[in-house]
Amino acid sequence: MLSISFLPIKFSNKNILNLLANHIATHFNIAVSVLDAEFDYKYSYDPARRQYHSTQLLKGLTNYIDAPRKIIGITELDLYIPILTFVFGEAQLGGEASIVSTFRLDPKFYGLPADEKLIIERLKKEAIHELGHTFGLPHCIDYRCVLCSSTCVEEIDIKNDDFCFDCYQEFNKRRNGTNRE
């Protein structure tokens with residue numbers, strides 16, 4: 609039976625991590641665990657950018673996967689891929705690993721007051737978004753769908769915390785194994 613594991617990577621807020629894990633477990637009716645393991649993230653650091661390469665971190669996350677399991681790394685690190693200034697997260701399309709960062713989800717990054725509730729809402733959306741990619745779902749054109757691509761936090765705030773009808777139907781097919789690629 610499929611399960612999802614969360615692995616904190618330089619992430620210290622256990623309250624947020626537990627709330628996220630509980631939300632994902634309830635939302636998808638799936639077994640969720642939080643791993644207690646050391647993860648060496650320093651190899652992915654780019655000193656010129658002062659950021660961490662998310663694709664390299666995804667490769668490292670695959671060492672923590674026992675089939676059938678999806679894994680989501682949760683971090684406070686600032687993530688990037690070479691063709692973009694930053695990313696909120698990244699996933700292996702149709703794979704097992706994904707990662708989400710709170711670095712730019714935090715209102716304090718934009719000079720605004722701390723708001724843990726807002727961080728949690730944004731993190732839920734991004735985790736569901738990246739999890740959808742691990743099931744092979746591409747970006748959606750419906751701006752309200754959680755699978756719509758977000759290039760700024762305002763776009764995250766606008767979208768819902770769930771799939772649109774079409775993405776939900778496709779997710780269920782893939783989750784149940786009726787549409788494997």
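Start counting the sequence shown at 609; every next residue gets the next number (our numbering).
Even for Gly, the Cβ is constructed at its ideal location relative to N, Cα and C.
These numbers come from a predicted model, not from an experiment.
Specify the secondary structure class of residue i as computed by DSSP and reduced to three states.
i      : result
Ile553 : It is not possible to answer for residue 553, since the shown part of the chain is limited to 609 through 789.
Ala722 : coil
Gly785 : coil
Ile707 : strand
Ser662 : helix
Ala645 : coil
Pro715 : helix
Cys756 : strand
Gly744 : coil
Asp750 : coil
Leu610 : coil
Ile638 : coil
Ile617 : strand
Gly697 : strand
Asp654 : strand
Leu687 : strand
Asn768 : coil
Gly702 : coil
Please classify residue i as buried or exposed, where buried requires at least 16 neighbouring CB atoms within 10 angstroms.
i      : result
Arg752 : exposed
Lys622 : exposed
Arg658 : exposed
Tyr653 : exposed
Glu762 : exposed
Ser706 : buried
Leu687 : buried
Cys760 : exposed
Write down the C-beta distance between residue i and residue j rounded to the nearest angstrom, noting that I regard them as a contact closer than 8 Å.
i      : j      : result
Tyr672 : Ile679 : 6 Å
Phe647 : Leu615 : 6 Å
His661 : Lys732 : His661 to Lys732, Cβ: 25 Å. No contact.
Glu698 : Ile689 : 7 Å
How about residue i and residue j: do their beta carbons lie closer than 8 Å?
i      : j      : result
Leu666 : Val642 : no
Glu724 : Val708 : no
Ile764 : Leu627 : no
Leu790 : Leu739 : Here the chain has residues from 609 to 789 only, and residue 790 is not among them.
Leu669 : Ile638 : no
Glu704 : Arg730 : no
Pick out whichever of the options has its Cα sitting closest to the Cα of residue i.
i      : options                           : result
Phe711 : Ile638, Ser611, Ile749 and Lys618 : Lys618
Phe717 : Phe696, Lys732 and Ala705         : Phe696
Tyr651 : Asp674, Asp644, Thr634 and Thr663 : Thr663
Ala629 : Ala699, His747, Ile736 and Gly719 : Ile736
Asp774 : Ala656, Asp750 and Ser758         : Asp750
Arg782 : Thr742, Leu720, Leu726 and Asp769 : Thr742
Ala645 : Thr693, Asp714, Ser613 and Ala633 : Ser613
Glu701 : Phe779, Asp769 and His635         : Note on residue identity: the sequence assigns Leu, not Glu, to residue 701. Ranking Phe779, Asp769 and His635 by Cα distance to Leu701 puts Phe779 first.
Leu726 : Tyr649, Ile766, Asp674 and Asp770 : Ile766
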